[in-house]
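To keep things clear, I will list the structure first and then write my remarks on it.
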Amino acid sequence: MLQETIARDQPVRRWQDYVVPQCWESFTGDNHAVWDLLFARQVELLGTRIVSPFLDGIDLLRLAHPGVPDVEGLNAILQPRTGWRTVAVPGLVPDNIFFAMLSERVFPVGNFIRTRDQLDYLEAPDCFHDMFGHIPMLAHHDYAEMTRHVGELGCAAIAADQGHKAARLYWHSVEFGLANEHGELKILGAGLASSFGESHLSLESDEVERLPFSVERAVNTPYRHNAFQPRYLVSKSLERTIAEVLALAPEELLDL
Ligand SMILES: [Fe+2]
């Protein structure tokens, strides 16, 4: 997940400067038990209400294996498949760093997990959000390529002082998008996939708006950073959204 604001007065740092060791051996037995609890609860809750490549990714990456995944083990499967790898970070990274990582097929995952009394509320995304929510879809070749392209778009948008346009595109697809699949409405975004409270709400509530996804609409639709979304953009199909995003050149994004 990306941070809302960019600290412009800080010295320029490379994305590599934000990477820390995961220190997998430092996760406690209770940390692993929290992962197992979250995993079991979310898999049951989602069922087949999520796009099928997500479920394929869970299997491919062996995420059902008990305990917090270690990044090296994940990368050993993910990198040969789509060129993506995960790196551990201590928390949210600035937008420019986040998009630079994506543009190089690197996904940052928190080196911590929520506690038992935080199961449903998080101030910052932890490794359950990052690994369960995001990584399965990065095993899907075309989606992985779309995500890399969003990283490139983000770098270009920030360089043109229009980072919010890329942030909205990312938010309404990778993080909180919905998608039609074989005539059924499904969860696409990682923020929904990993949320106990918002996953069903996004699909079933009458209190939220659901609008067809287009890159133009995504770029021009604000979002809420720390609350359930009032509206979701719905892809006609995952394939169509991937094609639409991949066809978007940086200069076109800036004109939207
Ligand atoms: Fe996220």
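In my numbering, each residue's number is its place in the sequence shown (first place is 1) plus 3.
For each residue, glycine too, the CB sits at the ideal point set by N, CA and C.
Computed from a predicted structure; not experimentally measured.
DSSP, read as helix, strand or coil, puts Ala193 in helix. In this structure, Ala196 keeps its C-beta atom at 7 Å or more from the C-beta atom of Gly154. With a 10 Å radius around the Cβ and a threshold of 16 neighbouring Cβ atoms, Tyr124 comes out exposed. Within the DSSP secondary-structure output, Pro215 pairs in a beta bridge with Val237. Counting along the chain, the unbroken alpha helix (DSSP H) around Gly76 starts and ends at 74-85. Taken atom to atom, the span from the alpha-carbon of Thr118 to that of Asn34 is near 7 Å. In this structure the stretch 178-195 does not touch the stretch 106-122; the number of beta carbon pairs closer than 8 Å is below three. In the structure shown, Ala246 falls within a helical segment according to DSSP collapsed to helix, strand and coil.
In the three-state DSSP reduction, Gly70 falls in the coil class, being neither helix nor strand. Going by C-alpha positions, Glu148 is about 33 Å away from Ser29. Placement of the Cβ of Glu75 at a distance of 6 Å or more from every heavy atom of ligand 1 is found.
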